[in-house]
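Take a look at the structure below.
In full-length UniProt numbering, the protein residues as written are 1 to 306.
Shown next, in the form of structure tokens:
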């Protein structure tokens, strides 16, 4: 810790985290096992610039800029590839629209503040040409009672406690059919009418052809799928004392090892048999980037902006 009592460094058996703060106690730099995440706060312009960088990486760092209103509402996002996303909020602070390039999405709400319609499509000459429309219907208690997506409709029949009893669908010239039906045990556990489902101590032990086994701490340790005419498929799971998944054995003979940082965030998983290594970079408690390596070479990369 520093002189102000702020956490500055954490070391575990597999990870090393360092944190640096600004004068307002905001984390502006975070180092984790060869990765660096920086945040630059401009209070005058109400922007936050986030940069993700990996050591020994040949590609450029990823930089995103977030702009906010005086009320703290996200108004614009500048993405690493140069694209921009603009958001507009109504007087109640709810997102009313978002647009980027030719894409646009509009949202409508009722007097209770519930979302009633979403329209998405291409924006031309300031007008939205919707190709996707979704409408939401609610009952008097505020429970979702139906969804209309373009010409398809799904309705939900609920019991007095708001649990779904049946799902009805129709539209586009089709008659209304009951697609799904549900019933519940005395303890409130779902019990599907058309499938074999078993519960024990509040834990699912069987669902159709899949069987589940747990340890004394309630953690899943074995899953088995038994289908007629096929060899049973079995997964085994091992956990550490912090309830973190550490090892998974698959039916195909693969064994995956999982890694975590001192904050409990998963930083990677690796399979020795296939030489696959998945690495995670975090922004707070949200994943910012995932990299997939095979035989030491990066084969895929995915970046998230929240």
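Backbone N, C-alpha and C fix where the C-beta goes; we use that ideal spot for every residue, glycine too.
Residue 62 carries a strand assignment under DSSP once its states are collapsed to helix, strand and coil. The alpha carbon of residue 55 has as its nearest neighbour, out of 160, 65, 36, 206, the alpha carbon of 36. Nearest in C-alpha terms to residue 33, of all of 265, 40, 78, is 265. Taking every protein chain shown into account, the CB of residue 23 has fewer than 16 other CB atoms within 10 angstroms, so this residue is exposed.
For residue 22, there is no enclosing beta strand (DSSP E), as DSSP gives it neither H nor E. The residues 87, 89, 107, in chain order, have a CB closer than 7 Å to that of residue 95 in the same chain once the five nearest residues on each side in sequence are set aside.
The secondary-structure analysis by DSSP pairs residue 278 across a beta bridge with 269, 292. Under the three-state reduction of DSSP, residue 96 is assigned to strand.
Per DSSP, residue 120 is one residue of the beta strand (DSSP E) stretching across 115-124.
When DSSP reads this structure, residue 211 sits in a beta bridge with 206, 224. Non-local beta-carbon contacts of residue 142 in its own chain, meaning distances under 8 Å to residues more than five positions away in sequence, involve 112, 114 in chain order. DSSP places residue 306 in the coil class of the three-state scheme, outside both helix and strand.
Put simply, the backbone Cα of residue 303 is about 23 Å away from that of residue 73. In this structure, residue 130 lies near residue 119, with their beta-carbon atoms less than 8 Å apart. Of 273, 242, 153, the smallest CA-CA separation from residue 251 is found for 273. Of all alpha-carbon atoms in 109, 45, 145, the one lying nearest the alpha-carbon of residue 70 is that of 45. With a beta-carbon spacing of about 7 Å, residue 121 and residue 104 fall inside the 8 Å limit used to define contacts.
Of all alpha-carbon atoms in 92, 286, 79, 117, the one lying nearest the alpha-carbon of residue 100 is that of 79.
Counting the other Cβ atoms within 10 Å of the Cβ of residue 62 gives 16 or more, which makes it buried.
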